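Trainee: Please read through the structure below; I'll follow up with questions.
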Amino acid sequence: MNRPRLRWHIVVFLAPAVLVYTAVMIFPLFNTLRLALYTEIDQTRVFVGLQNFQTLFFDPIWSEQFWNALGNNFWFFLIHMLVQNPIGIALAALLSHPRLRFAALYRSAIFIPTILSFVIVGFAWKLILSPIWGIAPSMLDAIGLKSLFAPWLGKEEYALTTLALISVWQFVGIPMMLIYAALLTIPEEILEAGEIDGITGASAFWKIKLPLILPSIGIISILTFVGNFNAFDLIYAAQGALAGPDFSTDILGTFMYRTFFGFQLQLGDPHMGSAIAGAMFAIILVGVCIYLFGIQTRMRRYQL
Amino acid sequence: MNKARQNPFNTAAMHGALILYTLIALFPVFVILINSFKTRRAIFREPLALPSADSFSLIGYETVMKQGDFFLYFQNSMIVTVASLFFVLLFGAMAAYALSEYQFRGNLLMGLYLALGIMIPIRIGTVAILEMMVATGLVNTLWALILVYTAQGLPLAVFILSEFMRQVSDDLKNAGRIDGLSEYTIFFRLVLPLVRPAMATVAVFNMIPIWNDLWFPLILAPAEETKTLTLGSQVFIGQFVTDWNAVLSALSMAILPVLVLYVIFSRQLIRGITSGAVK
């Protein structure tokens, strides 16, 4: 055996996955980033360098929409972090309680919204919150809070928050499941040792369990981040491509879709669409890098 | 034993909180389903009442059946989902086996390359994907969707499956080699059956996002013949906004298949998540 010969079976095993993945995912990704550097003049593709990005960030017509979408996207993400993940953790903490009856039933039921498509979720909530049908107002009436009702999805100041909360309602099952799984791996001995030292109930959660599930919370945060910054479906299903009222629910996904395909009077522009995709890519990349190098490596992992 | 953690008041409070949240989770689904079986007047007069003999009506479903091609949409969704899952599992398992079984130059690098796609959403490349599908004539075919979902599912599939394949005993594979089995036979006959639970987990993780996706059907295959159920119900509901019976029935019909799949696979799904496959 002088030099290892080419082992063909390795090539055969790897080839299909690598080919499909490269051709349909990696190549288009870089091609999109490349297209962002071009524009179309008289139906020919012309290289313009970073001009599209300059337009996107500084041209008043584009930049206003871009920063609006970006700001909305951050608000969307913030609500998920502040509402979805704490609720998910709380539900998981309750579910993981030893000898809780019907735990499997609760778990399955709470996960149901997560499996529904955005189209169903968007329209279902649109109907429920609709002032015409009146389910939401009459339920608020029943507890004496009718004055609080407003057509939330139709008001600029509430629409985005309402949609974010609908999305929270839909996806709370994911952090719940992941945290639940993490809580199950905590050995009983550790909890019993805590009990001997008088740490029980809520303080056992805060002092023992929470530090142990921090890595899972980190994973959930980055999953939420990536998911939110390429979100599109719910907003499109509930408010359409124009992300109304008056673009108040516009996020990067809907902005990119509108730019790429055009709507009503505006023509679609694949190059500006690519530029927005490039910006989304950069944001997601920064987020993932912060997580990988800033958070994950510093997090203390306990040997269980 | 751990009496300190059991306390009747706490238990009641815990059940209270969980029941409350379960109601919040199920309420919208429940409202949609019961109202889809009611007459238009009953929908508005008593939205929270169950359909009675008086208010029962299937008019919404009749409209949906007449106007929308839901069976075709359903069939398209089914083909796309099943074919994508098949390719994700087959190609994913093959690549995972190559990475976990053989030592070769570039093994680690190849693993990292394939893992890139776990964190980077494929949607970012949409502009170029559409351009490519137009150039190859695949636009408005189900193949466009199948290819995209296969590429999308592969990174996580390779990652999860190679973790599991490392646990398959070397003795077994070496015994096969001594018996003169080819590497392909060893993979298909010995290794694949052993990682079946992990494959099921991967399948369940991929199934729901593929079935529910709206973005790629909207962009790559919006033609009438290739609409998926998700896109089909989106378009249908958009056209029938004012026909509440039809909208509610269409929603119920879109909920039903996923709910059935969920009931069938929920144990697998929950086992998959809790076994730590995604850690």
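If you're matching them up, the sequences are chains U and E in order. In terms of our numbering, the first sequence opens at residue 587 and continues consecutively. In terms of our numbering, the second sequence opens at residue -11 and continues consecutively. Note that beta-carbon positions come from the ideal geometry of N, C-alpha and C, so glycine has one too. None of these values were measured; they are calculated from a predicted model.
#1: Residue 766 of chain U by DSSP, collapsed to three states: which one?
#2: Does residue 80 of chain E have its Cβ less than 8 Å from a Cβ in chain U?
#3: Please tell me whether residue 872 of chain U has its Cβ less than 8 Å away from any Cβ of chain E.
#4: With DSSP as the reference, label residue 533 of chain U as helix, strand or coil.
#5: With burial defined as no fewer than 16 other Cβ atoms inside 10 Å of the residue's Cβ, what is the status of residue 711 of chain U: buried or exposed?
#6: For chain U, check one thing: does any of its Cβ atoms lie closer than 8 Å to the Cβ of residue -10 of chain E?
#7: In chain order, what residues of the same chain have a beta carbon less than 8 Å from the beta carbon of residue 77 of chain E, not counting five sequence neighbours either side?
#8: Quick one: give me the first and last residue of the alpha helix (DSSP H) that residue 61 of chain E is part of.
#9: Whole angstroms is fine: what's the gap from residue 766 of chain U's alpha carbon to residue 634 of chain U's?
#10: Return helix, strand or coil for residue 685 of chain U, following the three-state DSSP convention.
#11: Tell me, please, which residues DSSP counts as bridged to residue 741 of chain U.
#12: Taking the CB atoms as reference points, tell me whether residue 209 of chain E and residue 124 of chain E lie closer together than 8 Å.
#13: In chain U, which residues lie less than 7 Å from residue 181 of chain E when you measure between Cβ atoms?
#14: Could you tell me the boundaries of the beta strand (DSSP E) in which residue 630 of chain U lies?
#15: In chain order, what residues of the stretch 707 to 730 of chain U put their CB closer than 9 Å to some CB of chain E?
#16: Can you pull the chain U residues whose beta carbon is under 8 Å from the beta carbon of residue 286 of chain E, in chain order?
#17: Just how far apart, CA to CA, sit residue 9 of chain E and residue 696 of chain U?
#18: Would you call residue 89 of chain E buried or exposed, if buried means 16 or more other Cβ atoms sit within 10 Å of its Cβ?
#19: Does any CB atom of chain U fall closer than 8 Å to the CB of residue 200 of chain E?
#20: For residue 692 of chain U, decide whether its Cβ has a neighbour in chain E, counting only Cβ atoms nearer than 8 Å.
#21: By the criterion of Cβ-Cβ separation under 8 Å, what are the contact partners of residue 631 of chain U in chain E?
#22: Hey, could you find the ends of the beta strand (DSSP E) residue 881 of chain U is sitting in?
#23: Please classify residue 261 of chain E as buried or exposed, where buried requires at least 16 other C-beta atoms within 10 Å of its C-beta.
#24: By how many angstroms is the C-alpha of residue 813 of chain U removed from the C-alpha of residue 75 of chain E?
#25: Once the 5 residues before and after residue 7 of chain E are set aside, which same chain residues still bring their CB inside 8 Å of it?
#26: For residue 793 of chain U, I'd like the list of residues in its chain whose CB is within less than 7 Å of its CB, leaving aside the five on either flank, ordered along the chain.
#27: Quick check on residue 215 of chain E: does DSSP put it in helix, strand or coil?
#28: Measuring CB to CB, does residue 72 of chain E end up less than 8 Å from residue 141 of chain E?
#29: Between residue 603 of chain U and chain E, is there a C-beta pair that is closer than 8 Å?
#30: Under 7 Å Cβ to Cβ from residue 214 of chain E, same chain only, skipping five residues before and after it: list those, please.
#31: Taking contact to mean at least 3 C-beta pairs separated by less than 8 Å, is the stretch 143 to 158 of chain E in contact with the stretch 101 to 109 of chain E?
#32: The ligand ADP heavy atoms versus the CB of residue 155 of chain E: any closer than 7 Å?
#33: By the three-class DSSP mapping on this structure, what secondary structure does residue 626 of chain U have?
#34: Under 8 Å between C-beta atoms, does residue 192 of chain E make it to chain U?
#35: Under 8 Å, do residue 113 of chain E and residue 615 of chain U count as touching if we go by C-beta distance?
#36: Going by C-alpha distance, which of E:11, E:81, E:21 and E:44 is nearest residue 172 of chain E?
Mentor: In this structure, then:
#1: In the structure shown, residue 766 of chain U falls within a helical segment according to DSSP collapsed to helix, strand and coil.
#2: At a cut-off of 8 Å between beta carbons, residue 80 of chain E contacts chain U.
#3: Cβ-Cβ to chain E under 8 Å: no for residue 872 of chain U.
#4: A query on residue 533 of chain U cannot be resolved here, the shown segment of chain U reaching from 587 to 890 and no further.
#5: Buried.
#6: Note that residue -10 of chain E has pLDDT 47, beneath the 50 cutoff, so the model's placement of it is unreliable and the number below is only indicative. Interface residue, yes.
#7: The answer, listed in chain order, is 145, 187, 190 and 191.
#8: From DSSP, the alpha helix (DSSP H) with residue 61 of chain E extends over 58 to 89.
#9: For residue 766 of chain U and residue 634 of chain U, the distance between alpha carbons rounds to 51 Å.
#10: Residue 685 of chain U falls in the coil class under three-state DSSP.
#11: In DSSP, residue 741 of chain U forms no bridge with anything.
#12: The answer is no: Cβ separation not under 8 Å.
#13: Those within 7 Å of residue 181 of chain E in chain U number zero; the least Cβ separation is about 17 Å.
#14: Segment 630 to 633, the beta strand (DSSP E) holding residue 630 of chain U.
#15: Cβ contacts with chain E come from 707, 708, 709, 710, 711, 713, 714, 718, 719, 720, 721, 724 and 725.
#16: Shown here, chain E extends from -11 to 267; a query on residue 286 of chain E therefore has no answer.
#17: Rounded to the nearest angstrom, the two C-alpha atoms are 7 Å apart.
#18: A buried status is given to residue 89 of chain E, since no fewer than 16 other beta-carbon atoms sit within 10 Å of its beta-carbon.
#19: Residue 200 of chain E counts as touching chain U.
#20: Interface with chain E (8 Å Cβ-Cβ cutoff): residue 692 of chain U is included.
#21: For the C-beta of residue 631 of chain U, not a single chain E residue is nearer than 8 Å; the gap to the nearest is close to 11 Å.
#22: It is not in any beta strand (DSSP E) - residue 881 of chain U carries neither H nor E in the DSSP assignment.
#23: Looking at its Cβ environment, which holds 16 or more other Cβ atoms inside 10 Å, residue 261 of chain E is buried.
#24: In this structure, the alpha-carbon of residue 75 of chain E lies about 24 Å from that of residue 813 of chain U.
#25: Excluding positions up to five away in sequence, the list is empty.
#26: If we look at residue 793 of chain U and ignore the five residues flanking it on each side, its Cβ neighbours are 785.
#27: Three-state result, residue 215 of chain E: coil.
#28: Result yes, Cβ atoms of residue 72 of chain E and residue 141 of chain E sit closer than 8 Å.
#29: Judged by the 8 Å Cβ criterion, residue 603 of chain U is in contact with chain E.
#30: Counting only Cβ-Cβ distances below 7 Å, and skipping sequence neighbours, we find 64, 128, 129 and 130.
#31: Flag = yes, the stretch 143 to 158 of chain E and the stretch 101 to 109 of chain E touch.
#32: The model on display carries no ligand, and the ligand ADP is accordingly not part of it.
#33: Looking at residue 626 of chain U - three-state DSSP - the assignment turns out to be strand.
#34: No, residue 192 of chain E does not count as interfacial toward chain U.
#35: Contact: yes.
#36: Considering only E:11, E:81, E:21 and E:44, the residue with the shortest C-alpha distance to residue 172 of chain E is E:81.
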